[in-house]
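Student: Can you keep this structure in mind? I'll have questions shortly.
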Amino acid sequence: MLPKFFFILITVLTLLVSLFVNGDSKFSNPHFIGNRSVITHLMEWKYDDIGDECERFLGPYGYGGVQVSPVNEHAIMDGRPWYERYQPVSYDIHTRSGDEQQFRRMVQRCNKAGVRIYVDIVLNHMTDGQSGLGTNGHHYDGVAMQYPGVPFGPNDFHGHETCPTNDLEIHNYSNRIEARNCRLVGLRDLKQQSEYAKQKQVDFLNHLIDIGVAGFRSDASTHQWPDDLRSIYSRLHNLNNEFFTENSHPFIYHETIYYGGNGINSNEYTSLGRIIEFRFYKEITNVFRNNNQLRWLRNFGTEWGLVPSGDALVMIDSHDLRVGHTGQLGFNINCFEARLLKAATAFMLAWNYGIPRVMSSYFWDQIIRDGKDVNDWVGPPTDQHGNILSVHPNPDMTCNHEWICEHRWREIYNMVKFKLIAGQEPVNNWWDNGDNQIAFSRGNRAFIAINLQKNGNDHDKNLQKRLQTGLPPGIYCDIISGNLINNRCMGKSIQVDKNGLSDIYVGHDEFDALVAYHIGARVES
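Quick note on numbering: the sequence shown equals residues -23 to -1, 1 to 502 in mature numbering (1 follows the signal peptide of the UniProt record, and there is no 0).
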């Protein structure tokens, strides 16, 4: 008989292998309630409005969480651009969205509505080389690197002793030392190797955790040493027991912009939580812009070189992508191409990979010159005094003109329900036409068909096929074209026979490029 310690050793080794193979991290659990699985980013919303939205819409329609814009004091910049939120002045909770009392109230309301809060945190840097006032009244001097609101001084920032470039700027983003010890577009780069700087950031994060947040989006993780982040995270409190089970760790997902090649690999961060898998948005966008065929998505995920699903957070659009600050305008898909954005988002929500995040933005006048958005800086809608305007939902569930509210588009919120109902069911019954028409089910609970066909005559461009849906027999409402109300379909419908077969139709020129059905939208006989 083998000694007992041998079996213990085998168990430990198995767990270690699982950790490195699957990339699981104690910071990768989003702590969703029930089967919820989708985050929305309510960019620049006021805290009181987010609390309202959790109660009136996000909770009832199955969203799992909200990413909020950075909550700590930031620079007040000329013109009030959106990116001033990413130029910290102190770690006081006081921004354009509200003060700490309003933030606390929002966190309480959203948790009680079953919606988690994830704060966008900016730990890599402070402001750029300007001086002025922050949103909580603290003076700062970026040239002298003085931030009395923390306080931070020159010794808390990387200088020529650690940054190898003459101007202290990053020039080679693939060089690890340069990318992590030099300045990102002029932003003063914090020396997280400093015990003092680390502890200030630990205190800030623990304060947020104690209030009741579920986790964080880590801005510019690529530009921070993984060991420094590991040291910070090792000191974080467990989540607040009022809302979370005991010994729960915060959910952390990292901005690591990696497309392959010689860049800083996202795998360096998967032990620290999930990574935002930029290759997901890039490959999906490439397909939905007809640069690649839909049929190839049959094995989309790790077989395409992406990180394991348990390590990924995915998106189609983001606060950076929408204006071309990452990616490329004309390739990125944002709210100005609503049909394409809805279709790509629907696939993301129907597919069983990663944790999806839906962008929810505000309106701005997009003016493209030489491939750039001239108005890429425009901040949230405000009144004449610079106060952010509130969001007011319309009777049709859209928002007042200033707020785009993509998360409230019927095609998107109904696909959030689709994902909730599909749960962990596998992809089954894949069909494609060998080109740009696809369909698949999620077990026997949900079915989707997408048509992006552009080649051929009008008849060939239509998706018109009798397909296996995997669904139980009955009449089902298409959740894309309408809702099920009072046991009637407000949009299209299909009849599924006893074998799970149904006639599926998606015209090439329809308002939406897809149809979707699930067992929660079946007409009762």
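Just so it is clear, CB atoms sit at the ideal spot from N, CA and C, and this is done for glycine as well. The structure presented is a predicted model; accordingly, all values stated were derived computationally and were not measured.
Going by DSSP, what residues sit across from residue 93 in a beta bridge?
Tutor: 42, per the DSSP bridge assignment.
Student: Any idea if residue 347 is buried or exposed, counting beta-carbon neighbours within 10 angstroms, 16 or more meaning buried?
Tutor: The residue is exposed, with fewer than 16 neighbouring Cβ atoms inside 10 Å.
Student: When DSSP builds the beta bridges, which residues end up paired with residue 300?
Tutor: According to DSSP, residue 300 bridges with nothing at all.
Student: Cα-Cα, which of 358, 318, 303 is closest to residue 266?
Tutor: Of the candidates 358, 318, 303, the one whose C-alpha sits nearest the C-alpha of residue 266 is 318.
Student: What are the partner residues of residue 472, as DSSP defines its beta bridges?
Tutor: According to DSSP, which records beta bridges pairwise, residue 472 is partnered with 452.
Student: Work out the CA separation of residue 321 and residue 410 for me, nearest whole Å.
Tutor: Distance between the alpha carbons of residue 410 and residue 321: 18 Å.
Student: Within 10 angstroms of the Cβ of residue 84, are there 16 or more other Cβ atoms? Answer buried if so, exposed if not.
Tutor: Buried.
Student: Taking the Cβ atom as the reference point for each residue, do residue 69 and residue 113 lie within a distance shorter than 7 Å?
Tutor: Yes; because the gap between Cβ atoms is below 7 Å, this pair is in contact.
Student: Going by beta carbon distance, what residues of the same chain come within less than 6 Å of residue 36, once the five residues before and after it are set aside?
Tutor: Contacts found: 90, 91, 92.
Student: Can you have a look at residue 207 and say buried or exposed, based on whether 16 or more other CB atoms are within 10 angstroms of its CB?
Tutor: Exposed, because fewer than 16 other Cβ atoms sit within 10 Å of the Cβ of residue 207.
Student: Where do the ends of the beta strand (DSSP E) carrying residue 230 lie?
Tutor: Its beta strand (DSSP E) spans residues 228 to 231.
Student: By alpha-carbon positions, which one of 79, 94, 60, 59 ends up nearest to residue 10?
Tutor: Closest option to residue 10, Cα to Cα, is 94.
Student: One question on the structure: do residue 188 and residue 214 come within less than 7 Å of each other, judged by their Cβ atoms?
Tutor: Against a cut-off of 7 Å, the Cβ pair of residue 214 and residue 188 comes out as no contact.
Student: Would you decide whether residue 275 is buried or exposed? Buried here means 16 or more other CB atoms lie within 10 Å of its CB.
Tutor: With fewer than 16 Cβ atoms within 10 Å of its Cβ, residue 275 is classed as exposed.
Student: Does the distance from the CB of residue 86 to the CB of residue 41 come in under 7 Å?
Tutor: Not a contact, by the Cβ cut-off of 7 Å.
Student: Identify which residue in 129, 501, 305 has its Cα closest to the Cα of residue 349.
Tutor: It is 305 whose Cα lies nearest to the Cα of residue 349.
Student: Looking only at its own chain, which residues have a Cβ that is under 6 Å from the Cβ of residue 135, when we skip the five neighbours before and after it?
Tutor: Cβ neighbours of residue 135 beyond the five flanking positions: 158, 166, 168.
Student: For residue -1 and residue 249, what's the separation of their Cα atoms in angstroms?
Tutor: Bear in mind that a pLDDT of 42 at residue -1, under 50, signals an unreliable position, so the number given afterwards is only what the model happens to contain. Residue -1 and residue 249: Cα-Cα distance of roughly 9 Å.
Student: Please determine, among 418, 200, 218, the residue with the shortest C-alpha to C-alpha distance to residue 245.
Tutor: Out of 418, 200, 218, 200 has the C-alpha closest to the C-alpha of residue 245.
Student: Kindly list the residues whose CB is nearer than 8 Å to the CB of residue 47, restricted to its own chain and excluding five residues on each side of it in sequence; keep chain order.
Tutor: Hits under 8 Å: 62, 63, 65, 72, 96, 97, 98, 99, 196.
Student: Compare the beta carbon distance of residue 230 and residue 253 with 7 Å and say whether it is the shorter of the two.
Tutor: The answer is yes: Cβ separation under 7 Å.
Student: Go through the stretch 126 to 199 residue by residue and report every complete run of the beta strand (DSSP E) that reaches 3 residues or more, in order.
Tutor: The stretch 126 to 199 contains these whole beta strand (DSSP E) runs: 192 to 195.
Student: Within 10 angstroms of the Cβ of residue 483, are there 16 or more other Cβ atoms? Answer buried if so, exposed if not.
Tutor: Counting Cβ neighbours within 10 Å, residue 483 comes out buried, since at least 16 surround it.
Student: Pop quiz: residue 262 and residue 310 are said to be a contact at Cβ under 8 Å. What is the actual Cβ separation, rounded to whole angstroms?
Tutor: 6 Å between Cβ atoms; contact.
Student: Identify the continuous beta strand (DSSP E) that holds residue 419 and give its terminal residues.
Tutor: Here the beta strand (DSSP E) through residue 419 covers 414 to 419.
Student: Distance, Cα to Cα, residue 425 vs residue 481?
Tutor: Near 10 Å, if we compare the C-alpha coordinates of residue 481 and residue 425.
Student: Using alpha carbons as the reference points, say which of 256, 361, 357 lies closest to residue 378.
Tutor: It is 357 whose Cα lies nearest to the Cα of residue 378.
Student: Go ahead and label residue -6 buried or exposed: buried means 16 or more other beta carbons lie within 10 angstroms of its beta carbon, across all protein chains shown.
Tutor: Only weak support is given to the placement of residue -6: the predicted model assigns it a pLDDT of 35, under 50, and the value that follows is read from those uncertain coordinates. Residue -6 comes out exposed.
Student: Would DSSP call residue 57 helix, strand or coil?
Tutor: Coil at residue 57, not helix or strand.
Student: Does the pairing of the stretch 439 to 453 with the stretch 472 to 481 give three or more beta-carbon distances under 8 Å?
Tutor: Counting Cβ pairs under 8 Å, three or more are found: they touch.
Student: Closest by CA to residue 432, which one among 486, 465, 388?
Tutor: Looking at the Cα atoms, 486 is the closest of the given residues.
Student: For residue 490, name the three-state secondary structure that DSSP assigns.
Tutor: Coil at residue 490, not helix or strand.
Student: Taking 8 Å as the threshold, find out whether the stretch 102 to 112 comes into contact with the stretch 148 to 164 through three or more Cβ pairs.
Tutor: Touching, per the Cβ criterion.
Student: What does the Cβ neighbour count give for residue -4, buried or exposed, with the cut at 16 atoms within 10 Å?
Tutor: Only weak support is given to the placement of residue -4: the predicted model assigns it a pLDDT of 37, under 50, and the value that follows is read from those uncertain coordinates. Classification for residue -4: exposed.
Student: If you draw a straight line from the alpha carbon of residue 504 to that of residue 224, how long is it in whole angstroms?
Tutor: Residue numbering for the chain in the displayed model covers -23 to 502; residue 504 lies beyond these limits and cannot be assessed.
Student: Compute the distance between the beta-carbons of residue 458 and residue 447, then report whether it is under 7 Å.
Tutor: Result no, Cβ atoms of residue 458 and residue 447 do not sit closer than 7 Å.
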